[in-house]
Amino acid sequence: MSDITHEFESRLSRPVGLKLPEFQRNERLFHVILPHQFTQQSLNRLGASADKIRKLSTSKEGADALRCLLSHKSAMFYFTQASTRTFLSLRSACKRLGMSTEEIRDPSLSSEVKGESEYDSIRMFSSYFDLIVMRTKKANLAECCAYLMNDLLASGQPGVPVINGGSGADQHPTQALLDIYTLQRAFAFRSPRDSSQWTLFDSLHKKHPDLRKGLDGKTYVFSGDIGRGRTVRSLAYLLAYNKNVKMRFVAPNHEKLRLSRDVKEYLRNQDIEVSEHSDLEEVIESADALYMTRFQNEHNKAEDSAMLSEASLKAIRLTPQLVEKMKEYAVILHPFPRNKELPGEIDLNPRARYFEQAVNGMWIRAALLAHIFDVETQVNEIYNAFAKQVHDYNESVL
Ligand code: NCD
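Under numbering that gives the first Met the number 0, the first residue of the sequence shown is numbered 0, with each subsequent residue one higher.
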């Protein structure tokens, strides 16, 4: 039983709709494997819960109360593919709710080096821990582990939730979650200066009468390695829930780098207006949100080295000059790590929200954990009990 993905091949090849119920327990998310598991309603609920957790964390009493919620739970981080933000923010999210964590980041230091199968390793984790969070190069490994856990549970053995922290070039559901949360906050158009006399939204609305709060009716531009970037795939699925959105995908004109057929088909079936481009300048002025991504060079095969000319790469990069052409309220996101596509000179521009985006990841992932372990009601109760103390914090400055 060397490769777990063979074991579950027939389940992996089913349509998504058949899989989703298997990732749920008692009408809650249990495993988090695919972005399709989130609904518009659950995205709003998780966003609201994340706002409460971040506000509570500003006081010692609030932070201490949150840490009691899951102090009886533990998580195993099996991250054999490189990660900084996903690893740290998920681990910090666990700690904010009191969970203890352990990790394997280098399989050469685990028994896999002695020939132990992933199957045996994962099964072992489920007897020691209450949650497995994983990132690996293998596209379907997290999904297979979720099936393994379900089979164990069905036979009366320990089986725990699995969170996919990024699977191959395939999906990254919790990144999409934090991207949506960042957009929810950005398109609420709040400012620390908001008062009963002046709000940011009202002053923007005077200049841009068509502007509406929220994610509906916006134009989302993605630029970079569209074909191989798992964050783009996952986010595009979730953005499609919104009404009247347009999506523009900018990538060098190469089959591997352009929007893949399955995502395109999905978006068209959802009546999303999709267009493809190879020059960011063509669409920069239309963007309400610009999602930049790096080139996924680690997925290059030997024959791919010639696929990118310097000119085609330059055409998908953001520059300070292009930023000046953007709408004044537009936002720039990037899942990070960044390379040349997003120069540091842009970082202090008010449209640049990518550092804030990374911070949002910790809060929304804490909200996700609170959901999985069914302590959302307790978060609300603690929040209401502390409401007086947190009342003075303006949401937009947190
Ligand atoms: C991304 C990832 O690993 O997919 N980063 C992240 O999780 N924040 C993006 C990337 O690697 O380009």
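The beta carbon of each residue, even a glycine, is placed where N, CA and C say it ideally should be.
By the Cβ neighbour-count rule, threonine 38 is exposed, with fewer than 16 other Cβ atoms within 10 Å of its own. The C-alpha of proline 160 lies about 20 Å from the C-alpha of serine 116. With three or more CB-CB distances shorter than 8 Å, the stretch 95 to 107 counts as touching the stretch 74 to 86. In this structure, methionine 148 lies away from histidine 35, with their beta-carbon atoms at least 9 Å apart. For histidine 298, the shortest separation between its Cβ and any heavy atom of the ligand NCD does not lie below 8 Å. If you draw a 10 Å sphere on the C-beta of tryptophan 362, you find 16 or more other C-beta atoms in it, and that means buried.
In the three-state reduction of the DSSP assignment, asparagine 163 falls in the strand class.
The beta carbon of glycine 226 sits closer than 6 Å to those of Lys255, Leu256, Arg257, Ser259, all from its chain and outside the five residues before and after it, given in chain order. In the three-state scheme derived from DSSP, where H, G and I count as helix and E and B as strand, isoleucine 225 is classed as coil. For phenylalanine 372, the closest alpha carbon among the candidates Pro14, Arg53, Asn25 is that of Asn25.
Near the ligand NCD, residues with a Cβ at less than 7 Å from any of the ligand's heavy atoms are Ser82, Arg84, Thr85, Gly165, His171, Gln174, Gly228, Arg229, Thr230, Thr292, Arg293, Gln295, Pro334, Phe335, Pro336; the list follows chain order. In this structure, leucine 341 sits away from leucine 307, with a CB-CB distance that is not shorter than 9 Å.
Around proline 334, the same chain offers Gln174, Thr230 as residues with beta carbons nearer than 6 Å, after the five sequence neighbours per side are excluded.
DSSP, reduced to helix, strand and coil, places methionine 98 outside both helices and strands of the structure shown, so it counts as coil. Here the alpha carbon of isoleucine 283 sits roughly 22 Å from the alpha carbon of phenylalanine 200.
Setting aside the 5 residues that flank it on each side, cysteine 143 is surrounded in the same chain by Ile3, Thr4, Phe7, each with a C-beta closer than 6 Å to its C-beta; the list follows chain order.
Here the stretch 162 to 173 does not lie against the stretch 342 to 357, with fewer than 3 beta-carbon pairs under 8 Å apart. Checking the DSSP bridge columns, you'll see lysine 217 has no partner listed. Serine 73 is bridged by DSSP to Ser99.
Around the beta carbon of glycine 155, a 10 Å sphere encloses fewer than 16 other beta carbons of the protein chains shown; the residue is thus reported as exposed. Cα atoms of glycine 164 and valine 132: separation of roughly 6 Å, rounded to the nearest angstrom. Residue range 59 to 68 is occupied by the alpha helix (DSSP H) that includes alanine 64. The stretch 310 to 325 makes contact with the stretch 281 to 300: 3 or more CB pairs, one atom from each, lie closer than 8 Å. Contact between lysine 212 and phenylalanine 186 holds, with the beta-carbon distance rounding to 6 Å and staying under 8 Å.
Each of Lys51, Gln23, Gly16 was checked against the Cα of glutamate 380, and the nearest Cα belongs to Lys51. Distances from the CA of valine 220 to each of Leu96, Tyr118, Ser202, Glu272 were compared; the closest alpha carbon is that of Glu272.
In terms of Cα proximity to tyrosine 146, the closest of Val244, Glu302, Ile32 is Ile32. Valine 330 and glycine 223 have their C-alpha atoms spaced approximately 16 Å apart. Taking C-beta atoms under 8 Å as the contact rule, aspartate 215 and asparagine 241 qualify, at a distance of about 5 Å. Contact annotation, aspartate 119 with serine 73: C-beta distance approximately 20 Å; criterion of less than 8 Å not satisfied.
Cβ neighbours of glycine 158 within its own chain (closer than 7 Å, five residues either side excluded): Ser125, Met148, Asn149, Leu151, Leu152. For the options Pro20, Tyr265, Arg10, Ala49, the alpha carbon positioned closest to that of asparagine 139 is the one of Arg10. Looking at the DSSP output, methionine 133 shares a beta bridge with Tyr77, Asn163. Sequence-distant Cβ neighbours of glutamate 344 in its own chain, meaning closer than 6 Å and more than five residues away, are Pro319. DSSP places serine 120 in the helix class (H, G or I) of the three-state scheme.
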